[in-house]
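Reading through the structure tokens given below for one structure.
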Amino acid sequence: MLFAISARPPFNFQSVLQSHGWGQCLPFRLDDETGNLGYTLRLSRGRVIDLEISESPDGIQVQTGQLNASEKKEVSSALTWMFALNMDLSPFYEAIRGKAPLVHVEKRAMGRVLRSPTFFEDIIRTILTTNTLWTATIRMTANLVGQFGDPLSSDPERKAFPTPQRLATVSETRLREETRLGYRAPYILNLAQRVSASNLDVEAFKTSNLPTLDLRKELMKIQGVGPYAAANLLMILGRGDFLPIDTWALKMVSQEWHAGQTVTPAQVQAAFEKWGEWKGLVYWFWDWAYLRKAKSD
DNA sequence: GGTAGACCTGGACGC
DNA sequence: GCGTCCAGGTCTACC
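Heads up, the first sequence is in the numbering used here, so the first residue is 585 and it goes up one at a time.
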């Protein structure tokens, strides 16, 4: 079946896909030819379905197998969250309007960050981005999905992201040695076990009314989530008060404002401080001169 | 509160 | 093919 879901305008499908690298990590699949996004989704009752998501005139449309009414509602709800279809970007655009390195942002309806259907999946994937190369993040995620995800009945090669319950039963040794998570294995296992045992409701973070500072403290109580990962997760939650400062950020700020001299995290923070609650989004979508030059060379 | 070192993997490099 | 070095955030112990 095929159905459409409208987005709060302005909306740009490709801008969401390109907002970060999640589309390269299973169970997402980016189709370079069509520009569409695939995703293998496990519904709450355990059925695994495949989604082919593309742009529609006023939002997105999704091609999938036959769904009953409650399944269709669940898929619509998941996609609305994943693409932040309800997000109101007008205050952000008002704050950045006319600022030179950001003029492309409103033109291309940027500001939404692609999310996973569950915050559990986003936390795990974020932990797997820490202290490693992006190619290793893609590999670790693929291992997790391939080894522990529920398969699609029509194509068992395609699997959904593992549930907390499934991961909670896996040994740390296996996560370490077979899934190749290394020292991250106990962090992933601990999170899965806490969520599985209902000792931590990570999905509640999606609708939390906590001030961002408090939300950040809660996120940093999760093993494996430090300042960088917390800022990244806050961005996913639509809170742009903190910067995910990694080595890339240090390099960009060094090149942009310090003539290539080594900079500290505090200097990165200072560079964006004036943007207040929007600093995360401003940083995320900044048009870096260093990258522009690299492209033109 | 700040700092140093350990953690682990895989890619790059030299031999 | 093998060994070594390095990059990448977080955690823990220590000051």
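Here a beta-carbon is modelled for each residue, glycine too, at the ideal position from N, C-alpha and C.
All of these numbers come straight from a predicted model, not from anything done at the bench.
request  = Could you tell me whether the Cβ atoms of Leu673 and Gly695 are closer together than 7 Å?
outcome  = Contact check for Leu673 against Gly695 passes: the beta carbons are separated by less than 7 Å.
ask   = Since Met724 and Arg681 are thought to touch, with beta carbons under 8 Å apart, how far apart are those beta carbons, to the nearest angstrom?
value = Contact between Met724 and Arg681 does not hold, since the beta-carbon distance rounds to 40 Å and is not under 8 Å.
key: Residue range of the beta strand (DSSP E) that includes Gly730   = Segment 718–732 is the alpha helix (DSSP H) holding Gly730; no beta strand (DSSP E) there.
ask   = Looking at Asp634 and Thr618, is the spacing between their C-beta atoms short of 7 Å?
value = No, the pair does not count as a contact, with Cβ atoms beyond the cut-off.
task = Identify every run of the alpha helix (DSSP H) within the region 658–696, keeping only runs that are complete inside it and at least 4 residues long; order them along the chain.
result = 674–680, 687–691, all fully within the region 658–696.
message = If I measure Cβ to Cβ from Arg760 and keep anything under 7 Å in the same chain, skipping five residues before and after, which residues do I get?
response = Leaving aside the five residues that flank Arg760 on each side, the residues in its chain whose CB is nearer than 7 Å to its CB run, in chain order, Gly766, Ala769.
request  = Find the nearest neighbour of Ser599 within the set Val754, Ile644, Tyr771, judged by alpha-carbon distance.
outcome  = Looking only at Val754, Ile644, Tyr771, the smallest Cα-Cα distance to Ser599 is reached by Ile644.
task = Under 8 Å by Cβ, that's how I've got Gln647 and Leu586 pegged, so tell me the actual separation to the nearest angstrom.
result = Their Cβ separation, rounded to whole angstroms, is 5 Å, which keeps Gln647 and Leu586 in contact under 8 Å.
key: Ala668 versus Ile829, Ser603, Ala720, residue with shortest Cα-Cα distance   = Closest in alpha carbon position to Ala668, among Ile829, Ser603, Ala720, is Ser603.
ask   = Name the DSSP beta bridge partners of Pro735, please?
value = Paired residues: Lys743.
query = If you drop the 5 nearest sequence neighbours on each side, which residues of the same chain put their C-beta closer than 7 Å to that of Pro701?
reply = Shown here for Pro701: same chain residues with a beta carbon closer than 7 Å to its own, the five before and five after excluded, namely Leu625, Ala662, Trp665, Met666 in chain order.
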